[in-house]
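Peer 1: If you read the sequences in order, they're chains D and Z.
For any residue, its number in my numbering is found by taking its place in the first sequence, counting from 1, and adding 3.
For any residue, its number in my numbering is found by taking its place in the second sequence, counting from 1, and adding 480.
The structure that follows is given in the form of structure tokens.
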Amino acid sequence: MSYLTVHDVHKAFEGVPVLRGVSLAVDLHEAVALVGASGSGKSTLLRCIDGLVGVDAGTIRIGGADGLDVTAHDIDLDEVRQQVGLVFQQYNLFPHMSVLQNITLAPRKVLGLSRAMAEGRARDLLARFGLADKADDYPDRLSGGQQQRVAIVRALALQPQLMLLDEVTSALDPQLVGEVLDVIKELKESGMTIVMATHEMTFAREVADRVCFLSGGVVVEEAEAHRFFDEPQDPRTREFLARVRAWA
Amino acid sequence: MTTPAEAPLEAPDIPYVDPERFLGQRRRGRRNAWVASVSTVVVFAVLVVGITSTPGWSQVQETFFNWDAAVATWPVVIRAFVLNIKIFLVAEFFILILALLVALARGLQGPVFLPVRILATVYVDFFRGVPTILVILLLGFGVPALHLSGVTNSPLVWGTVALIVSYTAYVAEVYRAGIESVHPSQRAAARSLGLSSLQATRYVVLPQAIRRVIPPLLNDFIALQKETALVSLLGPVEVLRAAQIDAASNFNYTPYVVAALLFVAITLPLTRLTDWLQRRATSRRSAAGMP
């Protein structure tokens, strides 16, 4: 059974449907890219998987057959969130905390690690992503790219099984995009299971195993990355790719 | 910036400054300082001369600004003023805690908490609408009239309670404004890291909210320091009542002026601190490119 199973998920906001029956399966160590126009439901789907947004209908399971049903009424969402890391487009670092405090907050308060233990882990992660000298800086001292890398490290500090990346490069200046994509690439190579909403088609093609095209709240096409870009089947996919490529 | 001492022989990156403009700015700066000093001296001289040359000045000076009366009243007034400070400190302590609880109660999500939200909202609406002086009279004279056993009838206690009840409503709204000014994405980020709702509030939302509302909080403290004088209505001899007694027995109003100066003396540091914090917050926001 797949690590993550999304089955026929519906979600409307104030009567406006955003997801109209989305299904998706992701295996352990697999990277799946969600592509599609703004408003196609990519972010909402990621937030549903993390339990930040409740679904109207459908089921979401993580951890395989004896895993957790995120959509169950009695689910402990805090348990889900320890297994799932979510990184936002706008980084959402805590501005009143240093980089180290940002990263150690959840391990200390949620996992109950000692301060020394949590800081040790945090420093190891920072070093792994080239941020060792930023540990004591406050977020407003960092560039957008550095802030986003810290946000990824903050999510990794809980040692999640699955990373959800919500257009993590969309708010960055073009010259800062590369350093964040490098981090994601490294994550993928280390075997992390990843679901990422992205506008970076070249990157999706290079890093993702599979690509999933959302339009109008449903999965229009889903294929292995090279096939998705080289031989798109659905006319809507072709139109989308043609528009994206017109500017590439 | 490179200082002249460290600058290499060729320093091509020093921006060109038009010497005419540079000297013009210095000239203007000197002239501004001169104009400011002269206008200040002139205005204050006119005020002092104008007031002291009024026909009734010698009588006013005798009854309001009498040095001997001030010296005579000082020990009484300063001792009574200690009571004001005590009332203020006790009230402030409870207000800070209770107001935060009220603000958090108003922000509770979920249908279960509706009664709590209603109670908190009614409380705030009611006590922000009623003048503090009325709350003091109602509690100070009303509660003892109930003849409750085991409950103190001390006007000092009920006067302080009235201040707490009234100011908690104002301060709760200050806290709430701060809490709502923290962007919801901060809470979302905290929850996505597995923090409970309470933990997200405690570690992520409140620290940011409280930092932002420190200037308005201090503003309310300054108001509260002055309002401690209202407790005198119930009888306790705090500084206003002490000054009143002294003024009535000596037919001299100087004790009032001394009491007024005491209030200014303790509110002034807080006022300056508030100004400074507000300026700093403004310059920080503009440095970060925020409105």
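Glycine included, C-beta positions come from ideal geometry on N, C-alpha and C.
1. Quick test of the definition: if touching needs 3 or more C-beta pairs under 8 angstroms, does the segment 150 to 157 of chain D touch the segment 97 to 106 of chain D?
2. I want to see whether chain Z comes within less than 8 angstroms of F206 of chain D, judged by CB atoms only; does it?
3. Can you tell me where the alpha helix (DSSP H) with K267 of chain D in it begins and where it stops?
4. So the beta strand (DSSP E) S26 of chain D belongs to, where does it begin and stop?
5. Using the beta-carbon of each residue, which ones in chain D are nearer than 8 angstroms to G590 of chain Z?
6. Where do the ends of the beta strand (DSSP E) carrying G88 of chain D lie?
7. Taking Cβ-Cβ distances shorter than 7 angstroms, what residues in chain D pair up with P687 of chain Z?
8. Within this structure, are the beta carbons of V25 of chain D and V38 of chain D separated by less than 8 angstroms?
9. Measuring CB to CB, does E240 of chain D end up less than 8 angstroms from E203 of chain D?
10. Could you tell me which residues DSSP pairs with D72 of chain D in its beta bridges?
11. State yes or no: is the C-beta of V153 of chain D within less than 8 angstroms of the C-beta of L165 of chain D?
12. Mapping DSSP to helix, strand and coil, what is D77 of chain D?
13. Comparing the C-beta of L165 of chain D with each C-beta of chain Z, is any distance below 8 angstroms?
14. Roughly how many angstroms separate the alpha carbons of E227 of chain D and P235 of chain D, rounded to a whole number?
15. To which residues does DSSP link F16 of chain D through a beta bridge?
16. Relative to the C-alpha of L71 of chain D, which residue among D:G133, D:F91, D:S5 and D:P142 is closest?
17. For chain D, is any of its Cβ atoms less than 8 angstroms away from the one on Y683 of chain Z?
18. So, for F231 of chain D: in the same chain, excluding its five sequence neighbours on each side, which residues have a beta-carbon less than 6 angstroms away from its beta-carbon?
19. Is L159 of chain D near the ligand GTP, going by C-beta to nearest heavy atom under 7 angstroms?
20. On a CA-only basis, which of Z:R506, Z:N546, Z:I558 and Z:Y650 is nearest I575 of chain Z? Give me that one, please.
21. Out of Z:D605, Z:E718, Z:V654 and Z:S676, point me to the one whose CA is closest to G639 of chain Z's CA.
22. Give the straight-line distance between the Cα atoms of A60 of chain D and R84 of chain D, rounded to the nearest whole angstrom.
23. For P771 of chain Z, decide whether its Cβ has a neighbour in chain D, counting only Cβ atoms nearer than 8 angstroms.
24. Under a Cβ-count criterion, where at least 16 other Cβ atoms within 10 Å of its own Cβ denotes burial, should V662 of chain Z be classed as buried or exposed?
25. Is the CB of S672 of chain Z under 8 angstroms away from at least one CB in chain D?
26. Does V631 of chain Z pass the burial test, meaning 16 or more other C-beta atoms within 10 Å, or should it be called exposed?
27. Can you list, in chain order, the residues of its chain with a C-beta nearer than 7 angstroms to that of F568 of chain Z? Leave out the 5 residues immediately preceding and following it.
28. Does the distance from the C-beta atom of S665 of chain Z to that of F243 of chain D stay below 8 angstroms?
29. Comparing C-alpha positions only, which one of D:G123, D:Q151 and D:I197 sits nearest to L175 of chain D?
30. Enumerate in chain order the residues of its own chain whose CB-to-CB distance from V596 of chain Z is below 7 angstroms, with the five nearest sequence positions on each side excluded.
31. For G44 of chain D, which residues of its own chain have a beta-carbon under 6 angstroms away from its beta-carbon, when the five flanking residues on both sides are left out?
32. Do N730 of chain Z and A549 of chain Z have their beta-carbon atoms positioned less than 8 angstroms apart in this structure?
33. If you drop the 5 nearest sequence neighbours on each side, which residues of the same chain put their C-beta closer than 8 angstroms to that of R671 of chain Z?
34. Compute the Euclidean distance between the alpha carbons of W554 of chain Z and S712 of chain Z, then round it to the nearest angstrom.
35. Which residue comes first and which comes last in the alpha helix (DSSP H) that contains T612 of chain Z?
36. Alpha carbons only, please: which of D:L167, D:D169, D:N95 and D:V180 is nearest the one belonging to D143 of chain D?
Peer 2: Well, looking at it:
1. Yes, they touch.
2. Against the first sequence, residue 206 of chain D aligns to sequence position 203. It does not: the Cβ of F206 of chain D has no partner Cβ on chain Z nearer than 8 angstroms.
3. The shown model of chain D, from 4 to 251, leaves out residue 267 of chain D, and the question about it has no answer.
4. As a working note, residue 26 of chain D is residue 23 in the first sequence. Counting along the chain, the beta strand (DSSP E) containing S26 of chain D begins and ends at V19 to V29.
5. Translated into positions along the second sequence, residue 590 of chain Z becomes position 110. Against chain D, a Cβ distance below 8 angstroms from G590 of chain Z picks out nothing, because the smallest value is about 13 angstroms.
6. Taking the first sequence and counting its residues from 1, one reaches residue 88 of chain D at position 85. Boundaries of the beta strand (DSSP E) around G88 of chain D: V87 to V90.
7. By one-based count along the second sequence, residue 687 of chain Z stands at place 207. Neighbours of P687 of chain Z on chain D, chain order: H99.
8. As a first step, residue 25 of chain D must be located in the first sequence, where it is residue number 22. As a first step, residue 38 of chain D must be located in the first sequence, where it is residue number 35. Against a cut-off of 8 angstroms, the Cβ pair of V38 of chain D and V25 of chain D comes out as no contact.
9. Position 237 of the first sequence holds residue 240 of chain D. Position 200 of the first sequence holds residue 203 of chain D. According to the sequence shown, residue 240 of chain D is Thr rather than Glu. The criterion of a C-beta distance shorter than 8 angstroms is not satisfied by T240 of chain D and E203 of chain D.
10. Locating residue 72 of chain D in the first sequence gives position 69, where the first residue counts as 1. Note: D72 of chain D is bridge-paired with D:R64 in the DSSP secondary-structure output.
11. Numbered from its first residue, the first sequence carries residue 153 of chain D at position 150. Numbered from its first residue, the first sequence carries residue 165 of chain D at position 162. No, the pair does not count as a contact, with Cβ atoms beyond the cut-off.
12. Taking the first residue of the first sequence as 1, we reach residue 77 of chain D at position 74. Note: D77 of chain D maps to coil in three-state DSSP.
13. What you label residue 165 of chain D is simply residue 162 of the first sequence in a count that begins at 1. Taking 8 angstroms as the threshold, the shortest C-beta distance from L165 of chain D to chain Z does not fall below it.
14. If you number the first sequence from 1, residue 227 of chain D lands on position 224. If you number the first sequence from 1, residue 235 of chain D lands on position 232. Approximately 11 angstroms, taken between the alpha carbons.
15. Here residue 16 of chain D corresponds to residue number 13 of the first sequence, with the count starting at 1. Note: F16 of chain D sits in a beta bridge opposite D:V19.
16. The sequence position of residue 71 of chain D within the first sequence is 68, counting from 1. Comparing Cα-Cα distances from L71 of chain D to each of D:G133, D:F91, D:S5 and D:P142, the minimum goes to D:S5.
17. Counting from 1 along the second sequence, the entry for residue 683 of chain Z is found at position 203. Cβ-Cβ to chain D under 8 angstroms: yes for Y683 of chain Z.
18. The residue you call residue 231 of chain D lines up with position 228 of the first sequence. For F231 of chain D, where only same-chain residues beyond five positions count, the Cβ hits under 6 angstroms are V214.
19. In the structure shown, the ligand GTP is absent, as is every other ligand, since no ligand is present at all.
20. For the purposes of this step, residue 575 of chain Z is taken as residue 95 along the second sequence, with counting starting at 1. Checked all of Z:R506, Z:N546, Z:I558 and Z:Y650; the closest Cα to I575 of chain Z is Z:Y650.
21. On the second sequence, residue 639 of chain Z is found 159 positions in, with the first residue counted as 1. Taking only the C-alpha atoms, the option nearest G639 of chain Z is Z:E718.
22. Looking up residue 60 of chain D in the first sequence gives position 57. Looking up residue 84 of chain D in the first sequence gives position 81. Between the alpha carbons of A60 of chain D and R84 of chain D lies a gap of roughly 20 angstroms.
23. Translated into positions along the second sequence, residue 771 of chain Z becomes position 291. Its pLDDT being 42, under 50, P771 of chain Z is placed unreliably by the model, and nothing is read from it.
24. Taking the first residue of the second sequence as position 1, residue 662 of chain Z is located at position 182. It counts as buried.
25. Locating residue 672 of chain Z in the second sequence gives position 192, where the first residue counts as 1. Closer than 8 angstroms to some Cβ of chain D, the Cβ of S672 of chain Z qualifies, so yes.
26. As a first step, residue 631 of chain Z must be located in the second sequence, where it is residue number 151. Burial is judged here by how many other beta carbons sit within 10 angstroms of a residue's own beta carbon; V631 of chain Z has fewer than 16 and is exposed.
27. For the purposes of this step, residue 568 of chain Z is identified with residue 88 of the second sequence, where counting begins at 1. Closer than 7 angstroms at the Cβ level, and outside the excluded window around F568 of chain Z, lie L704, Q705 and T708.
28. As a working note, residue 665 of chain Z is residue 185 in the second sequence. As a working note, residue 243 of chain D is residue 240 in the first sequence. No, Cβ-Cβ distance for S665 of chain Z and F243 of chain D is not below 8 angstroms.
29. What you label residue 175 of chain D is simply residue 172 of the first sequence in a count that begins at 1. With distances taken between CA atoms, L175 of chain D lies nearest to D:Q151 out of D:G123, D:Q151 and D:I197.
30. Against the second sequence, residue 596 of chain Z aligns to sequence position 116. So the list reads A585 and L588, once near-sequence residues are dropped.
31. Looking up residue 44 of chain D in the first sequence gives position 41. Result list for G44 of chain D: V21, L22, L217 and G220, in chain order.
32. In the second sequence, residue 549 of chain Z corresponds to position 69, counting from 1. In the second sequence, residue 730 of chain Z corresponds to position 250, counting from 1. Yes.
33. Within the second sequence, numbered from 1, the residue matching residue 671 of chain Z stands at position 191. Hits under 8 angstroms: S677 and A680.
34. Counted from its first residue, the second sequence places residue 554 of chain Z at position 74. Counted from its first residue, the second sequence places residue 712 of chain Z at position 232. Taking the straight line joining both Cα atoms gives about 18 angstroms.
35. Locating residue 612 of chain Z in the second sequence gives position 132, where the first residue counts as 1. First-last of the alpha helix (DSSP H) with T612 of chain Z: T612 to A625.
36. To locate residue 143 of chain D, count along the first sequence from 1; it is residue 140. That would be D:N95, whose Cα lies nearest to the Cα of D143 of chain D.
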